[in-house]
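Numbering (my numbering), first residue to last: 66 to 548.
Backbone N, C-alpha and C fix where the C-beta goes; we use that ideal spot for every residue, glycine too.
Owing to the predicted nature of the structure, the values given are computational and were not obtained by experimental measurement.
This is the structure in structure tokens:
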């Protein structure tokens with residue numbers, strides 16, 4: 066808005082005639098004028114002030130006029146107030162000026178009012194602009210101070226010619242100075258020297274004589290733990306009239322501690338993987354191998370063919386019997402979706418070696434659930450399977466031994482009566498009691514036949530036993546009758 070073309074007046078008067086006189090005096094000017102009129106008893110202290118200028122009539126009398134001016138100044142200290150009055154003595158005009166009157170004009174010179182309006186309004190608007198600029202500057206300064214505090218960053222600067230030293234409040238906190246203490250250049254340099262355990266004064270002199278940069282790590286010895294800060298200094302000698310040394314000190318204690326925790330965690334993590342008896346490979350989101358533990362290196366690598374940096378799918382496709390890279394890719398995709406997978410893989414590492422790997426594949430996330438790596442763990446169980454097979458054979462042989470003992474016992478039980486029957490026949494013959502058609506002799510022979518058939522079945526069962534489940538305890542021997 067152009068205030069030289071638009072004015073918002075407040076006219077304080079009890080008569081319309083005075084308001085008309087003021088407006089008539091401004092009739093010849095090309096202004097847009099908006100006027101409000103109030104009486105002398107208006108509550109100026111508690112009212113909004115949207116006006117650019119106030120014009121008061123002296124008809125209220127000296128006492129009331131002084132009160133009106135005083136109340137306005139309490140509400141709006143810098144607004145232009147012009148008094149239109151009859152000719153008064155210097156003493157009365159001085160009283161008006163003392164309570165805050167900006168200017169005055171006599172009734173017989175009312176045509177001069179427009180010049181006073183422009184002058185006073187320009188002064189008022191300049192004050193408003195200056196106040197706004199100061200408030201903006203203060204806001205920016207406060208914002209910068211807060212930003213430096215949040216960033217834990219302190220700034221300092223020194224004019225080389227005058228040795229004037231300026232610093233931001235964050236320097237006090239980082240270097241351990243009390244907030245109310247003014248930091249001198251000497252105390253600042255001594256503090257930096259103390260943190261570096263070396264003479265910093267000579268470095269400062271080099272900065273004064275040569276345009277250069279200096280960067281180092283400070284250890285500020287404070288209780289209960291030391292503070293770590295990054296010091297960056299630069300000298301600017303481009304303007305001979307204003308050569309300066311400036312720099313920043315940033316508190317990086319939390320960063321140092323975080324790095325230390327990360328390194329410790331990484332060391333523990335690597336020790337666990339390196340000392341694991343399993344084969345472990347870490348894979349990133351692009352299926353690239355990032356880490357191979359010693360067991361896996363011994364299994365898959367040779368000195369001329371490291372795995373790190375290679376594509377996991379391409380590397381392991383050549384080891385699989387199926388040679389199907391799509392299967393490996395699908396397995397990795399499922400693991401990326403937070404599925405933990407367990408499976409067996411048959412790999413040909415070389416022409417002479419075949420491995421049977423018991424594998425686990427899962428996704429490793431950070432505490433916030435963000436992806437870190439895919440972890441492939443495997444254990445070669447070929448030797449275990451071979452041992453289990455040998456153990457199974459041994460158990461089978463043990464079972465067969467037990468069964469053989471039982472069979473020997475059963476055969477013995479069959480053979481004894483057979484010999485007895487034969488002995489009886491011999492005795493009958495010797496005693497000449499044998500009659501070919503004797504039913505008793507035929508009964509003996511029939512019993513021997515049954516026993517011999519039982520022995521035959523026993524042998525057949527033993528042969529069949531070698532073809533059935535070794536855990537079965539009986540082969541189904543039936544005891545012959547008439548024993």
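Asked: Taking the beta carbon of residue 219 as the centre, do at least 16 other beta carbons fall within 10 Å, making it buried, or is it exposed?; Found: buried
Asked: Identify the residues that DSSP records as bridge partners of residue 73: which are they?; Found: 99
Asked: Which whole-angstrom value is the C-beta distance of residue 287 and residue 316, which I expect to be below 8 angstroms?; Found: Rounded, the Cβ-Cβ distance is 11 angstroms, inconsistent with contact.
Asked: Are at least three pairs of beta-carbons, each pair with one atom in the segment 117-125 and one in the segment 71-81, less than 8 angstroms apart?; Found: yes
Asked: Could you tell me the distance, in whole angstroms, from the CA atom of residue 270 to the CA atom of residue 245?; Found: 28 angstroms
Asked: Are there 16 or more other CB atoms within 10 angstroms of the CB of residue 443, so buried, or fewer, so exposed?; Found: buried
Asked: Report yes or no: do the segment 143-152 and the segment 172-186 share at least 3 C-beta pairs separated by less than 8 angstroms?; Found: yes
Asked: Put residue 185 into one of helix, strand or coil per three-state DSSP.; Found: helix
Asked: Which residues in the same chain as residue 310 place their Cβ atom closer than 6 angstroms to its Cβ, once the five residues preceding and following it in sequence are excluded?; Found: 223, 272 and 300
Asked: What's the C-alpha gap between residue 187 and residue 194?; Found: 10 angstroms
Asked: In terms of alpha-carbon separation, which member of 302, 263 and 472 lies closest to residue 276?; Found: 302
Asked: If you compare alpha carbons, which of 178, 179, 464 and 148 is closest to residue 165?; Found: 148
Asked: Around the Cβ of residue 145, are there at least 16 other Cβ atoms within 10 angstroms (buried) or fewer (exposed)?; Found: buried
Asked: What distance in whole Å lies between the Cβ atoms of residue 440 and residue 429, which are believed to be in contact at a cut-off of 8 angstroms?; Found: 5 angstroms
Asked: If you measure between the beta carbons of residue 341 and residue 358, is that distance less than 8 angstroms?; Found: yes
Asked: Which partner residues does residue 298 have in the DSSP bridge list?; Found: 279 and 312
Asked: Do you know offhand how far residue 282's Cα is from residue 308's?; Found: 25 angstroms
Asked: What runs of the alpha helix (DSSP H), each 4 residues or longer, lie entirely inside the segment 148-224?; Found: 155-164 and 178-215
Asked: On a Cα-Cα basis, can you pick out the residue from 353, 279 and 259 that is closest to residue 268?; Found: 279
Asked: In the DSSP assignment, what residue or residues form a beta bridge with residue 492?; Found: According to DSSP, which records beta bridges pairwise, residue 492 is partnered with nothing at all.
Asked: Going by DSSP, what residue range makes up the alpha helix (DSSP H) through residue 318?; Found: 318-339
Asked: Return the Cβ separation of residue 256 and residue 240 in integer angstroms, given the expectation that the two are a contact with Cβ distance under 8 angstroms.; Found: 5 angstroms
Asked: If I follow the unbroken beta strand (DSSP E) through residue 438, where does it start and stop?; Found: 436-445
Asked: So, with DSSP's three-state summary, where would you put residue 509?; Found: helix
Asked: According to DSSP, residue 428 sits in a beta bridge with which residue or residues?; Found: 439
Asked: Tell me, please, whether the segment 346-360 touches the segment 370-381 by the rule of three or more beta-carbon pairs shorter than 8 angstroms.; Found: yes
Asked: Along the chain, where does the alpha helix (DSSP H) that runs through residue 232 open and close?; Found: Segment 230-232 is the beta strand (DSSP E) holding residue 232; no alpha helix (DSSP H) there.
Asked: Which residues in the same chain have their Cβ closer than 7 angstroms to the Cβ of residue 228, if we skip the five residues on either side of it in sequence?; Found: 250
Asked: How would you label residue 434, buried or exposed, when you count the other beta carbons within 10 angstroms and need 16 or more for buried?; Found: exposed
Asked: Taking the CB atoms as reference points, tell me whether residue 105 and residue 72 lie closer together than 8 angstroms.; Found: no
Asked: Using a Cβ-Cβ cut-off of 7 angstroms (strictly less than) and excluding sequence neighbours within five positions of residue 167, which residues of its own chain qualify?; Found: 145, 146, 147 and 185
Asked: Under DSSP, the alpha helix (DSSP H) around residue 373 begins and ends at which residues?; Found: Note, residue 373: premise wrong, no alpha helix (DSSP H); not H, not E.
Asked: Just how far apart, CA to CA, sit residue 100 and residue 192?; Found: 22 angstroms
Asked: Distance, Cα to Cα, residue 162 vs residue 131?; Found: 9 angstroms
Asked: Ordered along the chain, which non-local residues of its own chain (more than five positions away) have a Cβ less than 6 angstroms from that of residue 138?; Found: 165
Asked: State the Cα-Cα distance for the pair residue 472 and residue 517, rounded to the nearest angstrom.; Found: 14 angstroms
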